[in-house]
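Numbering follows the numbering used here, with no gaps: position 275 of the sequence shown is 286. Note sheet for the following structure.
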Amino acid sequence: MKTAVQKTAIYQTKRPDASRWSNKWVQSPLWFMGFGIAVAVCLVVFVLNALFGRVHPSSPWGLGYGIAAAVLFVGVFFYGVKRRTMQVRALGRAWYYLQFHVYGGTLFLLLALMHVGFRVPHGVLTWWLWALSIWVVASGLLGIVLQKWIPTLLSTGVTTEVNYDRIPELTDEIRERAEKLVETSDYAVRDFYRKDVAPVLAAPQFRPIYYLGISGGLKGQTPPFRHLRAMLPTEERAKLNELEDLVGTKLEIDAHYTLQKALRGWLYVHVPVSVVLAALLGFHIFTVLYY
């Protein structure tokens, strides 16, 4: 009998018989198990290799590790190709490409380190290959953490769903509604708006405090409405309440702006460096073959 699964996010399923940690971080137990076996085999082979001889890049085993790493790297790059050809069904599901991208990329780094005998290379080109390989894999793993962590923060800390590209437009709309509301309000409300609220509504604001938790960030940024409310008549309190709701919505938009910006910004520290690494790796292979 097949175990029922429930979709929780793109490429992600919730398995009732799995732990909470596994559901969050492991999309496929089979891929994870296969990755663990591959890592164990690589390490056992390397240890046996090191016991009977010195491991270095130009040795037969060292060359073998390097070739395996290069093949994996080429395979990992096909995920980017699949993302740009999502409509081509003949290429298979993007999910499989993603799994290979994650696990194959990590295994690539292990083989690359085995290729140099887990030592820091001395040559300029090989040092850059070593450093960029670590950077690319580390930034890729960081991306996985961000893609798991940030949606969880947003789903538990805010009540609004926001398209990142529409944030400036939504901010302008909230500010215009607030200004129209304040125009007919008491002088105290107008003065409060000018001094305390207008700066909050001026533009989307990057607030790092949201990385620690959205609820605490929202409370820490809210202007002091409570103090003013006690001094106002009933009619003005209703307007102030509406203004407070607008500010709350704007702060939630700022949370989206801050957290989604991290997801988008991560690509700039991962993808361009990956392209540079691919170019240097190609040049490295060329020099080994022809010089």
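Here a beta-carbon is modelled for each residue, glycine too, at the ideal position from N, C-alpha and C.
Start and end of the alpha helix (DSSP H) containing residue i?
i: LEU223; result: Counting along the chain, LEU223 falls outside any alpha helix (DSSP H), and DSSP gives it neither H nor E.
i: TYR119; result: One point to set straight first is that residue 119 is Phe, not Tyr, in the sequence displayed. Looking at the DSSP string, the run of the alpha helix (DSSP H) that includes PHE119 is 105-126.
i: LYS261; result: 245-301
i: ARG186; result: 178-194
i: GLN38; result: GLN38 -> no alpha helix (DSSP H), and no H or E assigned at all.
i: LEU153; result: 135-168
i: TYR76; result: 71-94
i: ARG201; result: 198-203
i: VAL211; result: 209-212
i: PHE236; result: 236-240
Quick one: measure Cβ to Cβ for residue i and residue j, integer angstroms, because I've assumed they're closer than 8 Å.
i: ALA80; j: ALA123; result: 5 Å
i: PHE111; j: GLY86; result: 6 Å
Apart from the five residues just before and just after residue i, which ones in its own chain have a Cβ nearer than 8 Å to its Cβ?
i: LEU136; result: LEU291, PHE294, HIS295 and THR298
i: LEU212; result: THR182, ILE185, ARG186, ALA189, LEU257, VAL258 and LYS261
i: PRO215; result: ILE178, PRO179, THR182, ILE264, ASP265 and TYR268
i: LEU192; result: LYS250, GLU253, LEU254 and LEU257
i: ALA289; result: PHE84 and PHE88
i: THR96; result: LEU102
i: PRO235; result: ASP207
i: TRP138; result: VAL131 and PRO132
Within a Cβ cutoff of 7 Å, which residues of the same chain sit near residue i, ignoring the five residues on either side of it in sequence?
i: LEU120; result: SER144, ILE145 and VAL148
i: LEU257; result: ILE185, ARG188 and ALA189
i: LEU164; result: ILE225 and LEU270
i: THR167; result: none
i: LEU300; result: none
i: SER39; result: GLN110
Return the chain-ordered list of same chain residues with a C-beta closer than 6 Å to the C-beta of residue i, the five sequence neighbours on each side being excluded.
i: MET125; result: PHE57 and TYR76
i: TRP141; result: PRO132
i: PRO283; result: none
i: VAL173; result: ILE264 and HIS267
Should residue i and residue j be called a contact, given that it needs their Cβ atoms to be closer than 8 Å?
i: THR182; j: LYS93; result: no
i: VAL208; j: LEU254; result: yes
i: TYR175; j: HIS267; result: yes
i: VAL82; j: GLY73; result: no
i: GLY103; j: GLY151; result: no
i: LEU274; j: ILE161; result: yes
i: PHE46; j: LEU118; result: yes
i: TYR90; j: TYR114; result: no
i: ALA199; j: LEU239; result: yes
i: VAL127; j: PRO71; result: no
i: LEU243; j: ASP197; result: yes
i: PHE217; j: LYS272; result: yes
i: LEU153; j: TRP36; result: no
Compute the minimum distance between the beta carbon of residue i and the heavy atoms of the ligand FAD, and state whether it is under 7 Å.
i: VAL58; result: Ligands displayed in this structure: none; no statement on the ligand FAD is therefore possible.
Does any C-beta atom of chain C lie closer than 8 Å to the C-beta of residue i?
i: ALA51; result: Annotation note: the requested chain C is absent from the structure, which comprises a single protein chain.
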